[in-house]
Amino acid sequence: MFLPSNPKEFNQKVWEIVRKIPRGKVTSFGRIAAMIATPNGMTLKEYEGVGARWVGSAMAQCPDDVPWQRVINSQGKISIRKNSDGHLLQKKLLEDEGIEFDLKDRIDLSRYGWNADQPTLGI
57 MFLPSNPKEF NQKVWEIVRK IPRGKVTSFG RIAAMIATPN GMTLKEYEGV
107 GARWVGSAMA QCPDDVPWQR VINSQGKISI RKNSDGHLLQ KKLLEDEGIE
157 FDLKDRIDLS RYGWNADQPT LGI
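Position in the sequence shown (from 1) plus 56 gives the number in my numbering.
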C-alpha cells in the first residue's frame, strides 16, 4: 500500500471530517475517503482501492480532539480486534452516545449512519 502524496494534508482532511460527525452518529472509513477528492496522479479506481486504508492509518494517528470512536467499518462493526481493550472502549464510548449494537455487534447504519452534506474536499 503506497501512501498519499501528502500524508499530513490527507490526515488533516480526515480529521476535519471526523470532527464533524455528530454525537450519536457513525460513518465508515470508506465514506470518509469518498468525501476527499481523488489525489492528483491517481485514478478513481486506484483511490477507491486504498482510500479507506489511508483513512484507517490517519485515524490510528489522530489527535485527542478527534472523536475516533465514530468511525467504523462498512459492515457497521468496530474494526478493532473483538474483545480487545480498544474494542471494548470504542463500544462503550458509542453506547454512551446512545448508539445500540445488535446481537452480532453491528450498528444499524440506516439508523445511526452519518452522511455529510458537504462537497468533496480536495487535497
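Glycine residues also receive a C-beta, built at the ideal position from the N, C-alpha and C atoms.
From a predicted model like this one, the values you see are computed outputs, not experimental measurements.
Assigned exposure category for PRO175 - 16 Cβ within 10 Å defines buried: Below a pLDDT of 50, predicted positions are generally treated as unreliable, and PRO175, at 49, falls in that range; the measurement from the model is reported next regardless. Its Cβ having fewer than 16 others within 10 Å, PRO175 is exposed.
What are the start and end residues of the alpha helix (DSSP H) that includes MET115? Going by DSSP, MET115 is part of the alpha helix (DSSP H) stretching over 100 to 116.
Counted within 10 angstroms of its Cβ, other Cβ atoms place LEU100 as buried (16 or more) or exposed: Answer is exposed; the Cβ neighbour count stays below 16.
Could you name the residues that DSSP lists as bridge partners for THR94? Paired residue(s): none; THR94 is not in a bridge.
Short of 7 Å in beta carbon distance, which residues of its chain neighbour ARG137, apart from the five on each side in sequence? Order them along the chain. The beta carbon of ARG137 sits closer than 7 Å to the beta carbons of HIS143 from its chain, once the five residues preceding and following it are set aside; these are given in chain order.
Please list the terminal residues of the continuous alpha helix (DSSP H) segment that includes LEU159. In the DSSP assignment, LEU159 falls outside any alpha helix (DSSP H) and carries neither an H nor an E.
DSSP beta-bridge partners of GLY169: GLY169 is bridged to VAL82.
Any idea if GLY132 is buried or exposed, counting beta-carbon neighbours within 10 angstroms, 16 or more meaning buried? So GLY132 ends up on the buried side.
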